[in-house]
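Visitor: This is the structure I want to talk about, given as structure tokens.
There are 2 protein chains.
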Amino acid sequence: MAKWIWYPGSLELYHGMLLHNRRTHAKTYKNGKNSDTRSIFYHPMWRVDGPRHNAILTKEAEIFESEVIEFFSNTPDSCICVDNITYPPNSKIELGVGRHRVTVSGFKADGFPAFYCTGNVFATDRSWVVCENDDKAGRHAGDSELYSDVNDNPEIFKFSYKKVEPVSVKCEKGGVLYDFGKEIFGKITISGVPKDYDELLLSLGESYEEAIDYEMANCVVNAVLENGSFTSSSCAFRYIFIPKFSHICELFVDFEYLPLQTRGAFRCNDEMINKLWRVCEYTMLLNSREGFFDGIKRDRWVWGGDAYQSYFVNYYLANNNDIVKRTTRILRGADPITKHMNTICDYTFYWFIGIWEYYFHTGDIDFISDIYPDMLDVWAFVEKRLGDDGMYVRLPDDWVFIDWSTFDSNGPMCAEQMLLCRAYECLGMCAKLCGDDKMQARCERQVKYMIAQINQKYWCEEKGAFIDDYKSGKNNVTRHANIFALLFDYTSDARKESIVKNVIYNNKITKITTPYFEFFELDAMCRLGDFKYMTDMLHSYWGGMLELGATTVWEEFDPTKSGIEHYEMYGGKYEKSLCHAWGASPIYLLGKYALGVKPTGAGYSTFEVRPNLMCFTEFEGCVPTPSSEIHVKVSKSEVCVFADIDGGTLIVGDKKYPIKKGEWLNIKL
Amino acid sequence: MAKWIWYPGSLELYHGMLLHNRRTHAKTYKNGKNSDTRSIFYHPMWRVDGPRHNAILTKEAEIFESEVIEFFSNTPDSCICVDNITYPPNSKIELGVGRHRVTVSGFKADGFPAFYCTGNVFATDRSWVVCENDDKAGRHAGDSELYSDVNDNPEIFKFSYKKVEPVSVKCEKGGVLYDFGKEIFGKITISGVPKDYDELLLSLGESYEEAIDYEMANCVVNAVLENGSFTSSSCAFRYIFIPKFSHICELFVDFEYLPLQTRGAFRCNDEMINKLWRVCEYTMLLNSREGFFDGIKRDRWVWGGDAYQSYFVNYYLANNNDIVKRTTRILRGADPITKHMNTICDYTFYWFIGIWEYYFHTGDIDFISDIYPDMLDVWAFVEKRLGDDGMYVRLPDDWVFIDWSTFDSNGPMCAEQMLLCRAYECLGMCAKLCGDDKMQARCERQVKYMIAQINQKYWCEEKGAFIDDYKSGKNNVTRHANIFALLFDYTSDARKESIVKNVIYNNKITKITTPYFEFFELDAMCRLGDFKYMTDMLHSYWGGMLELGATTVWEEFDPTKSGIEHYEMYGGKYEKSLCHAWGASPIYLLGKYALGVKPTGAGYSTFEVRPNLMCFTEFEGCVPTPSSEIHVKVSKSEVCVFADIDGGTLIVGDKKYPIKKGEWLNIKL
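Protein chains in written order, with the working numbering: chain A, 3 to 671; chain B, 3 to 671.
Pasting the structure below:
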């Protein structure tokens, strides 16, 4: 089956470029007596790369039956060369039995060239490679399941669309307010507007308060007249407010989304948790697009740290490989690598870890071999910037993030060393998969060295914990590096026990306040077997948002705040995102630790199911593997598991039961 | 005066991308009983880079009078930030007295963002710089004299247009033939076509034979119906043939050209030479566009070797700085540097030499400081590929060109070492201009070392000449390396004499057959004071083309051929270019050695005029300096020189006369 093909990475670089340039912010200017509210372009703070505008892709193969190939291209500036004879687009060429070499070539100034050949052996797909004169000769062509029809256009991202109408509309505060009942994303169309208008200002709000406060709202758009109705660009909102307007017009949204097949599920006796799971699912749905976004209202950007967490949620919700691969390529950008991803060093390290975790959850060796040379280029950049001791040092253009928290961060931070070390470890495992023995050995050596260095330099006996920085003399302890030490298993059991006591359960150590880092903390706690901490957080932190009517998970939540204080962030009155992917981690936590499903071999070649009732009396659900789903049903009296793949082991208490493919395994408790 | 500004290099990369993707070749297919002739896309064999689609440029300055800036952009996805407040395009902002920081930012997917601010100090121009977060922070913004009006569009190259009608039209060979009397370039418009046609096939020819042989012509285009007339894309030709057509329709060409101000001139008593000079001038005019092209019919590409020679012709014809700068940037492309320019190693070396020569002829230090960091990146690529001995070695993806000639070229070739050495020398001089002492010293050391190595390894005492390769044992002598040794002064006077005797005047050494390398040979001969060789070539080689009716200079000419044999090249019946820039060297040779004008200090800060009557009885002419022209008039009885700049010295015989600015200096002979 033919697919559209392109220079590797072009689809991702092109759509990545577009999506990173769609952010706007609203600004209100005094304009004489009146004020004028406008939506203004807001650029990313990192270099955004576009695709190559030229591509030459080739395939050489022997065929044992003749075949006819028909060549299509998305650009007239293209041609196909069959055994040294060149033909223009839309040519039909018959290939006789024997060996052939077919090359397609094209140029597209305002996008990227893409090619489609019908045929059998020579039908276009990943098996085509970059031509030998290119500096990336031999790399596999890019393709995608999304673009397998000759009428598809890879330059238009293949979203789905659904017409959605508001659940209520009313006149209010001198304007008209529409409520969609929950967060939504898409173009807005308004019809029946009196004919004296040629433009309508729409103030959008994830909250009611934001929408009506149109001079301070984060997102306003102008709907302009087009074929008799007013249409806006695509935006995220729950509420639409048309200020200084009194006509109740027909309005609908062309809901734009990527149809994620959510094969994961979780239902339990606690309705709040069930609701939360669905809210997390919907949050992920809205933020899963060309890549995994941070939030759907404000940035709509691909951030390496946010994406990294979305990957894990994805493995328990949809196990959608394509979006992980696209996100990985969007984050990397094009050559040369001159800055960290999103300029944040930790995000570059997560990128390496994320690629290994992708392989571990999917078993997709093709992607690893495709991306491996790109990993090496990034790695060359990383290594060039390390200190003489081979450890991370902070350079002036590094944004050391880790978390919105106060660290002793002027020097080289322990948390960064942990991430760097884990990145080495993951690169080494990928090197092994790609048969790069030299790199594998180098990484393994470096991991051993770094773990020793970290334990020697950053461990503070007095505090019984890892400190942020060993050079400053402050011996400052934060949770972050210590959580990584537990998650990555980078210290001795004795030190781990010390961390649990002196950091994790030590209230004097500043608490994690962002759901971003809560992901890592809760993951670590669950690994320690402390599920109560996690389920308590589900009820208090996530439950707190639901109580306030959240239809999607917020970027941050502080139960001590009230009213519109909740919407303030980064110094903006409504700057906070109320639909933020990093809050969807309960899907991952419940799937991995309640349903208890996780791969133990790459791509679920082997896996274990170790369910935990936690605070529930019963639950059931499923976890998607690359090929199907693993079903788990647990009550106080029984554990039932079903998988239609081999390699599973059910663990209940200290007993292990092999899971037979295609048969329910029921264990009475 | 404000100009449009953009990310440095974007103008050149954008137009370079477009121009390198405009080549087509014609192909005729059997289509049942009939045949179908089509124009097919022909891609360059090197990576073609596009511009960055995002740009952030900034200026910080103190102003002592308030000013109003008005901000324009070629993209709605843009904004201006004045002292931390952001405004949309078309905003007018008043800046009070004091220090300000103004930043413009934008995105354009299908081109490159460009910005224009009216104002005084903050009027946009090269004084703006790339923003600090960018990997090229601090580089000067790109601008051009071509785009100084707010209504200009830097994405549309600013050519001039003139309606030109054919000099004759007749029915012939079953079609209609139009003749323009000389080579021309532009869109063709045909009106009055009977209404049963919706497309016309036009067979274009630089020669009559090519045009009428439409199934074998190099260039055919389809003119399509548009607003009542048929229009083609822009092409080069002298003849247009519409096959299988019998209607004499109105046809004109919208001649598209860059108005080169040709400030150089040469007139003498020999009318053939005068005609040749004008033919060379016209050849240069047609090939001087976004950059210097090789030829106007076939490739229309920027090739480093061809461009290098065009630079020298330009300094004696127009001294148009902008086109040299644009060509330099087009050739370089974007980062990362992964191949030689046009994949040809000699062309990379010429690139460095060309930059120094640019400085030497123009004194434009701004461009040197702008391009210097880009030179370093190319140099890093070059050095990475050198042998352990620091000399050039041939790598598998290097195209070692030098000339269409037979060399002993498997090993490291002497001519490449000479070019590499000269590139080092020129980089070192640029490093000096930019205050990069370390690089300067390194280059100077390397030049000394390389000259010694070349003289030690490649000199063959037996042959009294430099040999192609010292490793093969063949001791093969060609003219090329020996010519470079003379031109670059890379050997002792004794060896130079030996070269002149054993190579230059040795008929057993294969003659130079291309006008491309003839440029270097004639330059060397003139330096030796042998003008006869050069003027004989003007009469025989160039004169031979004129005798055959050439209206522009050909890519190659062999007087032993006849008829359409002249048009064959690279295996194609009409593949030869009949309007090829590298044939325009007589302009350079006559200006430099007959008029005898050359700078001796950068940018004509000092210069000499050393006229030589050669075979002429009298001539007059002028040579453009960056600011004006130097006039020279010579007869058997008198030499007259005028310059309105200081620093000139007239040399007649062994006497030197200072040239007084603004006054004719007349010396009786």
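By construction, the Cβ of each residue, glycine as well, lies at the ideal position given by its N, Cα and C atoms. All of these numbers come straight from a predicted model, not from anything done at the bench.
1. Short check: CB of V222/A to CB of T39/A, under 8 Å?
2. Which one or two residues does DSSP pair with E72/B in a beta bridge?
3. With distances taken Cα to Cα, identify the nearest neighbour of S162/B among T554/B, D372/B, F257/B, Q263/B.
4. Going by beta-carbon coordinates alone, are G266/B and P626/B separated by less than 8 Å?
5. Does chain B have any CB closer than 8 Å to the CB of A143/A?
6. Please specify which runs of the alpha helix (DSSP H), each continuous and at least 4 residues long, are wholly inside the region 256-306 of chain A, giving them in chain order.
7. Find the nearest neighbour of R529/A within the set D495/A, T515/A, L287/A, L488/A, judged by alpha-carbon distance.
8. Is the CB of H17/A under 8 Å away from at least one CB in chain B?
9. With a 10 Å radius around its C-beta and 16 neighbouring C-beta atoms as the bar for buried, classify C173/A as buried or exposed.
10. Since A238/A is in the beta strand (DSSP E), which residue starts that stretch and which ends it?
11. Starting from Y118/B and walking both ways along the beta strand (DSSP E), at which residues does that stretch end?
12. Got a sec, what are the start and stop residues for the beta strand (DSSP E) C347/B sits in?
13. Strictly below 9 Å CB to CB, what residues from chain A border P375/B?
14. Between R481/B and I456/B, is the Cβ-Cβ spacing less than 8 Å?
15. Give the DSSP-derived three-state secondary structure of K498/A in the structure shown.
16. Residues in its own chain within less than 6 Å of I298/A by CB, not counting five upstream and five downstream?
17. Mind checking which residues open and close the beta strand (DSSP E) that includes I661/A?
18. Output the distance between the C-alpha atoms of S231/B and M3/A, rounded to the nearest integer angstrom.
19. In angstroms, rounded to a whole number, what distance separates the CA positions of F66/B and G100/B?
20. For A596/B, count neighbouring Cβ atoms within 10 angstroms of its own Cβ and tell me buried if that reaches 16, exposed if not.
21. Which whole-angstrom value describes the C-beta separation of P115/A and N36/A, a residue pair presumed to lie in contact below a C-beta threshold of 8 Å?
22. From the DSSP output, read off the bridge partner residues of I190/A.
23. What three-state label does DSSP hand A225/B in the structure shown?
24. Whose CA, out of F159/A, D79/A, K246/A, lies closest to the CA of V673/A?
25. State the CB to CB distance for the pair Y374/B and C436/B, rounded to an integer number of angstroms; the pair is presumed to be in contact (CB under 8 Å).
26. Should A583/B go down as buried or exposed, given a rule of 16 or more other Cβ atoms within 10 Å for buried?
27. Do the CB positions of F74/A and P91/A come within less than 8 Å of each other?
28. Distance, Cα to Cα, L652/B vs V611/B?
29. Give a yes or no on whether the minimum CB-CB distance between G108/A and chain B is below 8 Å.
30. Could you check the C-alpha separation between R269/A and G551/A for me, to the nearest Å?
31. Rounded to a whole number of angstroms, what is the C-alpha to C-alpha distance between V104/A and C83/A?
32. Give, in chain order, every residue of the region 112-138 of chain A whose Cβ lies closer than 8 Å to some Cβ of chain B.
33. Check whether the Cβ atoms of F243/A and S205/A lie closer than 8 Å to each other.
34. Just by C-beta distance, which residues in the region 73-84 of chain B are closer than 8 Å to chain A?
35. Using a Cβ-Cβ cut-off of 8 Å (strictly less than) and excluding sequence neighbours within five positions of V70/A, which residues of its own chain qualify?
36. In angstroms with no decimal places, state the Cα-to-Cα distance between Y241/A and F117/A.
Guide: A quick look at the data gives this:
1. As a first step, residue 222/A is located in the first sequence; it is residue number 220 there, counting from the start. As a first step, residue 39/A is located in the first sequence; it is residue number 37 there, counting from the start. Contact flag set, yes.
2. On the second sequence, residue 72/B is found 70 positions in, with the first residue counted as 1. Paired residue(s): K94/B.
3. In the second sequence, residue 162/B corresponds to position 160, counting from 1. The shortest C-alpha separation from S162/B is found at F257/B.
4. As a first step, residue 266/B is located in the second sequence; it is residue number 264 there, counting from the start. As a first step, residue 626/B is located in the second sequence; it is residue number 624 there, counting from the start. Contact flag set, yes.
5. Within the first sequence, numbered from 1, the residue matching residue 143/A stands at position 141. So, not an interface residue.
6. 273-289
7. Here residue 529/A refers to the residue found at position 527 when the first sequence is read from its first residue. Of D495/A, T515/A, L287/A, L488/A, the residue nearest in Cα terms is L488/A.
8. If you number the first sequence from 1, residue 17/A lands on position 15. No, its Cβ sits nowhere closer than 8 Å to a Cβ of chain B.
9. The residue labelled residue 173/A in the question sits at position 171 within the first sequence. Classification of C173/A: exposed, given that the 10 Å Cβ count is below 16.
10. Within the first sequence, the letter at position 236 stands for residue 238/A. It spans 237-244 - the beta strand (DSSP E) in which A238/A sits, taken as one unbroken run.
11. Position 116 of the second sequence, counted from the start, is the residue given in the question as residue 118/B. Taken as a continuous stretch (DSSP letters only), the beta strand (DSSP E) holding Y118/B covers 117-119.
12. Here residue 347/B corresponds to residue number 345 of the second sequence, with the count starting at 1. Premise fails: C347/B lies in the alpha helix (DSSP H), 347-364, not in any beta strand (DSSP E).
13. Position 373 of the second sequence, counted from the start, is the residue given in the question as residue 375/B. Going along chain A, no residue has its Cβ under 9 Å from P375/B, so there is no contact; the nearest lies around 13 Å.
14. Counting from one through the second sequence, the residue named residue 481/B turns up at place 479. Counting from one through the second sequence, the residue named residue 456/B turns up at place 454. Contact: no.
15. Residue 498/A sits at position 496 when you count from the first residue of the first sequence. In the structure shown, K498/A sits in a helix (DSSP, three-state: H, G or I).
16. Sequence index remark: in the first sequence, residue 298/A carries index 296 (1-based). Contacts found: F187, A238, L288, N289, C581.
17. What you label residue 661/A is simply residue 659 of the first sequence in a count that begins at 1. Per DSSP, I661/A belongs to the beta strand (DSSP E) from 657-661.
18. The residue labelled residue 231/B in the question sits at position 229 within the second sequence. The residue labelled residue 3/A in the question sits at position 1 within the first sequence. The straight-line gap from Cα to Cα measures roughly 43 Å.
19. Locating residue 66/B in the second sequence gives position 64, counting from the first residue. Locating residue 100/B in the second sequence gives position 98, counting from the first residue. For F66/B and G100/B, the distance between alpha carbons rounds to 6 Å.
20. Counting from 1 along the second sequence, the entry for residue 596/B is found at position 594. Flag for A596/B reads buried.
21. Counting from 1 along the first sequence, the entry for residue 115/A is found at position 113. Counting from 1 along the first sequence, the entry for residue 36/A is found at position 34. Not quite, the Cβ-Cβ distance comes to about 48 Å (not below 8 Å), so this is no contact.
22. Residue 190/A sits at position 188 when you count from the first residue of the first sequence. Answer is V255/A, bridged to I190/A.
23. Residue mapping note: residue 225/B aligns to position 223 of the second sequence, counting from 1. The answer is strand: DSSP assigns A225/B an E or B state.
24. Outside the displayed span of chain A (3 to 671) sits residue 673/A, for which this structure offers no information.
25. To locate residue 374/B, count along the second sequence from 1; it is residue 372. To locate residue 436/B, count along the second sequence from 1; it is residue 434. Their Cβ separation, rounded to whole angstroms, is 5 Å, which keeps Y374/B and C436/B in contact under 8 Å.
26. Mapped onto the second sequence, residue 583/B falls at position 581. So A583/B counts as buried.
27. Reading the first sequence from its first residue, position 72 is the one you call residue 74/A. Reading the first sequence from its first residue, position 89 is the one you call residue 91/A. Yes, the Cβ-Cβ distance between F74/A and P91/A is below 8 Å.
28. By one-based count along the second sequence, residue 652/B stands at place 650. By one-based count along the second sequence, residue 611/B stands at place 609. Approximately 5 Å between the Cα atoms of the pair.
29. Translated into positions along the first sequence, residue 108/A becomes position 106. It does: the Cβ of G108/A has a partner Cβ on chain B nearer than 8 Å.
30. Here residue 269/A corresponds to residue number 267 of the first sequence, with the count starting at 1. Here residue 551/A corresponds to residue number 549 of the first sequence, with the count starting at 1. The alpha-carbon atoms of R269/A and G551/A are separated by roughly 20 Å.
31. Start at 1 with the first residue of the first sequence, and residue 104/A comes out as number 102. Start at 1 with the first residue of the first sequence, and residue 83/A comes out as number 81. Between V104/A and C83/A, the C-alpha separation is close to 6 Å.
32. D112, G113, N135, D136, D137
33. Counted from its first residue, the first sequence places residue 243/A at position 241. Counted from its first residue, the first sequence places residue 205/A at position 203. Contact flag set, yes.
34. P78, D79, S80, C81
35. Residue numbering aside, residue 70/A sits at position 68 when the first sequence is read from its first letter. Counting only Cβ-Cβ distances below 8 Å, and skipping sequence neighbours, we find K94, I95, E96, L97, T120, G121.
36. For the purposes of this step, residue 241/A is identified with residue 239 of the first sequence, where counting begins at 1. For the purposes of this step, residue 117/A is identified with residue 115 of the first sequence, where counting begins at 1. So the two alpha carbons sit approximately 42 Å from each other.
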